[in-house]
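Note sheet for the following structure.
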Amino acid sequence: MAGFGDRGRTPPELRLIPHPAVTILLVFGGTVGVRDPAGRRHVGSVVIGPGFGDVLRAVEVAAYDCVQVRLSPIVAHSVLGPAATEIGAAVVALDDLIGAAGQRLCEQLDELDDWNERFAWTEEWLARRCSTGSGVHPELTWAWQRMTVGRGLIRIEELAAELGWSRKRLWSRFHSQLGLPPKRAATLIRFDHAVHRLVVGQSPAAVAADYGYSDQAHLHREIRAFTGLTPAAVVDEPFLAVDDRAWGWPGRPSPAGPAR
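Residue numbers (UniProt numbering): 1 to 260.
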């Protein structure tokens with residue numbers, strides 16, 4: 001989780017970098033409205049599917065606070081229900097997935113003044129949703145963890161063989177319960193690791209070698225495909241620039257407090 005507070009500095013456009021997670025933006029104490037690339041307008045709390053990487057345009061902003069939560073697709077299935085698998089790489093209103101429960105959570109967060117209390121309250125809410133929600137098959141939980149530990153470098157055929165499944169069976173169950181194909185998931189995990197190594201100053205050549213790209217040009221093409229940017233430009237994107245403070249990543253210490 002990370003916390004953000006608007007103080008009249010919301011830029012007219014926010015580019016989101018694809019991430020292998022379902023992102024929930026819990027908006028309270030004010031209003032923020034955005035328009036997605038498809039032209040849909042969203043006001044208030046939203047859910048962003050794994051792999052979304054595009055510009056959201058601000059259309060309505062009044063001083064607000066926001067708790068941003070990143071959930072693996074495994075956890076998102078329990079927290080948001082099976083409908084979470086239908087989000088795809090898109091933006092949907094939180095209320096469309098869980099009804100009034102999201103609004104009640106935001107009202108409760110607005111009554112708290114301390115960010116640590118807000119994080120604790122959100123964590124308790126997530127835990128309750130997980131305890132009562134439907135989980136995915138244990139084999140898929142194992143497969144996701146295998147992918148993340150392996151930084152997305154494992155071949156799908158190898159993963160299916162370790163499960164004792166056919167490649168077709170893995171694809172079908174993974175896609176139906178996690179909302180994206182296994183190859184897409186592995187690609188997102190690898191990309192996320194690679195782009196963050198660029199942010200901390202590792203050279204594109206070294207990143208390409210460490211993360212299984214055939215060469216530096218292959219890495220360049222993937223970054224361009226995901227973001228429309230070059231490796232040199234993507235490292236300056238605001239959402240990546242604060243990730244070490246807001247989230248941390250392998251090899252970096254996690255933050256002691258919220259990013260503001």
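Using N, Cα and C, we set each Cβ at its ideal position, and we do this for glycine too.
Query raised in the report: If we ignore side chains and look at the alpha-carbon of each, how far apart do Ile156 and Val46 end up?
Result: 31 Å
Query raised in the report: Between Ala185, Val79, Leu112, which lies nearest to Gly99 when the distance is taken from Cα to Cα?
Result: Val79
Query - Top-ranked residue by Cα proximity to Ile74, from Ala233, Ala58, Ile24, Val136 - result: Val136
**Report entry** Of the listed residues Ala101, Val59, Gln216, nearest to Thr31 (C-alpha basis)
**Finding:** Closest option to Thr31, Cα to Cα, is Val59.
Query raised in the report: In terms of alpha-carbon separation, which member of Arg190, Arg57, Arg118 lies closest to Gly18?
Result: Just to set this straight, residue 18 is Pro in the shown sequence, not Gly. Comparing Cα-Cα distances from Pro18 to each of Arg190, Arg57, Arg118, the minimum goes to Arg190.
Query raised in the report: Are the CB atoms of Ile48 and Thr23 nearer to each other than 9 Å?
Result: yes
Query - The beta strand (DSSP E) enclosing Gln216, as first and last residue numbers - result: No beta strand (DSSP E) holds Gln216; the alpha helix (DSSP H) holding it covers 216-227.
Query - Supposed contact pair His193 and Gly152 - C-beta distance, whole angstroms, cut 8 Å - result: Gly152 to His193, Cβ: 7 Å. Contact.
Query - Contact between the stretch 161-175 and the stretch 199-211 (3+ Cβ pairs under 8 Å) - result: Counting Cβ pairs under 8 Å, fewer than three are found: no touch.
Query raised in the report: When the Cα atoms are used, what is the spatial distance from His220 to Gly51?
Result: Rounded to whole angstroms, the gap between the alpha carbons of His220 and Gly51 is 17 Å.
Report task. Taking all protein chains shown into account, decide if Gly228 is buried (16 or more other Cβ within 10 angstroms of its Cβ) or exposed. Result -> Counting Cβ neighbours within 10 Å, Gly228 comes out exposed, since fewer than 16 surround it.
Query raised in the report: What does a CB cutoff of less than 8 Å around Asp215 pick up in its chain, not counting 5 residues either side in sequence?
Result: Ala208
Report task. Indicate whether Ser72 and Ala21 have their beta-carbon atoms separated by less than 9 Å. Result -> It is a contact, given that the beta carbons lie within the stated cut-off.
Query raised in the report: Is the Cβ-Cβ distance between Tyr173 and Glu117 less than 9 Å?
Result: Here residue 173 is Arg; the residue named in the question, Tyr, does not match the sequence. Not a contact, by the Cβ cut-off of 9 Å.
Query raised in the report: Expressed to the nearest angstrom, what Euclidean distance is found between the alpha-carbon atoms of Leu126 and Thr230?
Result: 37 Å
Query raised in the report: Got a sec? Which residues, its chain only, sit under 6 Å from Arg35 by beta carbon, not counting five neighbours each side?
Result: Arg41, Arg57, Val59
Query raised in the report: So what does DSSP say about Ala90, is it helix, strand or coil?
Result: If DSSP states are grouped into helix, strand and coil, Ala90 belongs with coil.
Query raised in the report: Would you call Glu111 buried or exposed, if buried means 16 or more other Cβ atoms sit within 10 Å of its Cβ?
Result: Exposed, since its Cβ has fewer than 16 Cβ neighbours within 10 Å.
Requested in this report: Determine the DSSP secondary structure at Arg252, reduced to helix, strand or coil.
Outcome: For Arg252, the pLDDT reaches just 41, beneath the cut-off of 50, and the residue's location in the model is therefore unreliable, although a value from the coordinates is still provided. Residue state, collapsed to three classes: coil.
Query raised in the report: Can you tell which of Arg15, Phe28, Glu13 has its C-alpha closest to the C-alpha of Gly3?
Result: Phe28
Query raised in the report: For Pro182, which of Gln108, Ala206, Arg146 has the nearest alpha-carbon?
Result: Among Gln108, Ala206, Arg146, the Cα nearest to that of Pro182 is on Arg146.
Query - Burial state of Pro238, where buried means 16 or more other Cβ atoms lie within 10 Å - result: exposed
**Report entry** Residue span of the alpha helix (DSSP H) that contains Val67, given as start and end
**Finding:** Taken as a continuous stretch (DSSP letters only), Val67 belongs to no alpha helix (DSSP H), being part of the beta strand (DSSP E) at 65-71.
Query raised in the report: Taking the alpha-carbon positions, what's the residue 263 to Arg15 distance?
Result: Outside the displayed span of the chain (1 to 260) sits residue 263, for which this structure offers no information.
Query raised in the report: So is Glu13 buried or exposed if we call it buried at 16+ other beta carbons inside 10 Å?
Result: exposed
Report task. Would you mind stating whether Trp144 and Ala101 have Cβ atoms separated by less than 9 Å? Result -> No; because the gap between Cβ atoms is not below 9 Å, this pair is not in contact.
**Report entry** Own chain partners of Ile223 with C-beta closer than 6 Å, once the 5 adjacent residues on each side are dropped
**Finding:** Pro231, Val234
Report task. Name, in chain order, the residues that DSSP records as bridge partners for Arg35. Result -> Arg41, Arg57
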